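Q: Before we start, here is the structure in question, set down as structure tokens.
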Amino acid sequence: MTFTRYVALGDSFTEGVGDVAEHLPNGVRGWADRTAAALAAVEPGLEYANLAIRGRKLKPIVDEQVPPAMAMAPDLVTIHAGGNDILRPAVDLDDLLNCYDEAITRLSATGATVAVFTPHDPGSAPVFRALRGRFAILAEGVRQIADRRGAVLVDYWRIRDYDDRRLWAFDRLHMSPAGHQRMAIAVLDALGVPHGLTPLPLTEAPARSTVQERLADLDWARGFLAPWLGRRLRGVSSGDSLQPRYRQPTPALEIR
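According to the working numbering, the sequence shown is numbered sequentially starting from 9.
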């Protein structure tokens with residue numbers, strides 16, 4: 009299967025947060041860039057747009073990103089949304105999934121191949137596993153949407169490689185470069201596109217004592233959790249001042 013125009017929609021997951029590349033827009037690369045490069049190896053004329061913005065909740069993604077994506081007439085769309093909603097104190101999951109279903113229906117009606125993602129299983133994450141029930145409901149809802157609408161499903165929940173902390177960035181919320189590479193492989197495999205991507209090499213994780221683990225937890229709380237909670241209390245997002253990385257279709261071979 010080959011594609012000629014790929015548009016990526018969503019939040020920080022799709023923007024590429026955690027995969028630092030200072031020379032690229034917003035200072036990140038991410039699995040979508042990596043996927044676009046692999047698709048361009050099959051179809052050199054592939055154009056790629058990435059409208060994802062970190063911090064966006066599902067409804068703003070649908071309202072702000074779906075219409076311009078449809079106007080680009082893509083033949084491939086990926087969309088990941090809902091993660092920022094279920095991290096809020098209160099969320100109506102039925103309303104969330106209905107909105108998601110309507111968006112996938114609109115995108116699929118264009119004739120484009122649409123790929124969707126379940127959320128990650130946070131069962132191994134000390135802080136986020138308290139919300140595991142919400143994540144599980146969203147995951148099953150996305151599976152049902154994919155079944156109903158004929159969308160390609162990337163079942164992130166079932167990719168157990170992500171139980172390895174080396175696939176996560178310092179903030180424990182976003183993927184590391186190795187995690188983004190693994191996701192690009194999962195997307196290409198789900199699409200049935202031949203590719204040459206392989207997992208990035210991982211350094212051996214040193215054993216940590218209980219004291220070292222607690223110190224790492226403290227560093228994380230100071231470096232990520234406290235600022236993240238502060239933004240929630242102020243009602244601001246890390247993506248408020250950012251623009252989409254590739255607002256218009258761009259030749260994927262030009263992105264390095």
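Idealized CB from N, CA, C, for every residue including glycine.
Bear in mind the structure is a predicted one, so any value in this text is a computation, not a measurement.
By DSSP's criteria, TRP8 is part of a beta bridge. Which residues make up the other side?
A: The structure shown does not extend to residue 8, since the chain is modelled only from 9 through 264, so no value can be given for it.
Q: Cβ of THR12 within 8 Å of Cβ of VAL195?
A: For the purposes of this step, residue 12 is taken as residue 4 along the sequence shown, with counting starting at 1. For the purposes of this step, residue 195 is taken as residue 187 along the sequence shown, with counting starting at 1. No. Outside cutoff.
Q: Compare the C-alpha of ARG114 against each of PRO185, GLY90, PRO76, GLU148 and name the closest.
A: Your numbering for residue 114 matches position 106 in the sequence shown. Minimum Cα distance to ARG114 is reached at PRO76.
Q: THR121 and ASP83 - do their beta-carbons sit closer together than 8 Å?
A: For the purposes of this step, residue 83 is identified with residue 75 of the sequence shown, where counting begins at 1. For the purposes of this step, residue 121 is identified with residue 113 of the sequence shown, where counting begins at 1. Contact: yes.
Q: Starting from LEU105, trace the alpha helix (DSSP H) both ways and give me its first and last residue.
A: Here residue 105 corresponds to residue number 97 of the sequence shown, with the count starting at 1. Its alpha helix (DSSP H) spans residues 101-116.
Q: Using the three-state DSSP reduction, which class does PRO259 fall into: helix, strand or coil?
A: Numbered from its first residue, the sequence shown carries residue 259 at position 251. Three-state DSSP puts PRO259 in a strand.
Q: Decide if GLN152 is buried, meaning its Cβ has at least 16 other Cβ atoms within 10 Å, or exposed.
A: In the sequence shown, residue 152 corresponds to position 144, counting from 1. Exposed.
Q: If I follow the unbroken alpha helix (DSSP H) through GLU148, where does it start and stop?
A: Here residue 148 refers to the residue found at position 140 of the sequence shown. Looking at the DSSP string, the run of the alpha helix (DSSP H) that includes GLU148 is 140-157.
Q: Return yes when the Cβ of LEU175 is within less than 8 Å of the Cβ of ARG157, no when it is not.
A: Counted from its first residue, the sequence shown places residue 157 at position 149. Counted from its first residue, the sequence shown places residue 175 at position 167. Going by C-beta atoms, ARG157 is not nearer than 8 Å to LEU175.
Q: Where does GLN251 land, buried or exposed, given buried means 16+ other C-beta within 10 angstroms?
A: As a first step, residue 251 must be located in the sequence shown, where it is residue number 243. It is exposed - the Cβ of GLN251 has fewer than 16 other Cβ atoms within 10 Å.
Q: Cβ atoms of ALA198 and LEU161: under 8 Å apart, would you say?
A: Mapped onto the sequence shown, residue 161 falls at position 153. Mapped onto the sequence shown, residue 198 falls at position 190. In this structure, ALA198 lies closer than 8 Å to LEU161 by Cβ.
Q: Would the beta-carbon of GLN48 fall within 8 Å of that of ALA260?
A: The residue given as residue 48 occupies position 40 in the sequence shown. The residue given as residue 260 occupies position 252 in the sequence shown. Per the sequence presented here, residue 48 reads as Ala, with Gln not at that position. It is a contact, given that the beta carbons lie within the stated cut-off.
Q: Considering just the uninterrupted stretch of the beta strand (DSSP E) at GLY18, what are its terminal residues?
A: Sequence index remark: in the sequence shown, residue 18 carries index 10 (1-based). From DSSP, the beta strand (DSSP E) with GLY18 extends over 13-18.
Q: In terms of alpha-carbon separation, which member of THR22, PRO202, GLY247, ALA123 lies closest to ARG37?
A: Residue 37 sits at position 29 when you count from the first residue of the sequence shown. The shortest Cα separation from ARG37 among THR22, PRO202, GLY247, ALA123 belongs to THR22.
Q: Which residue marks the beginning of the alpha helix (DSSP H) containing GLU72, and which one marks its end?
A: The residue you call residue 72 lines up with position 64 of the sequence shown. Counting along the chain, the alpha helix (DSSP H) containing GLU72 begins and ends at 66-79.
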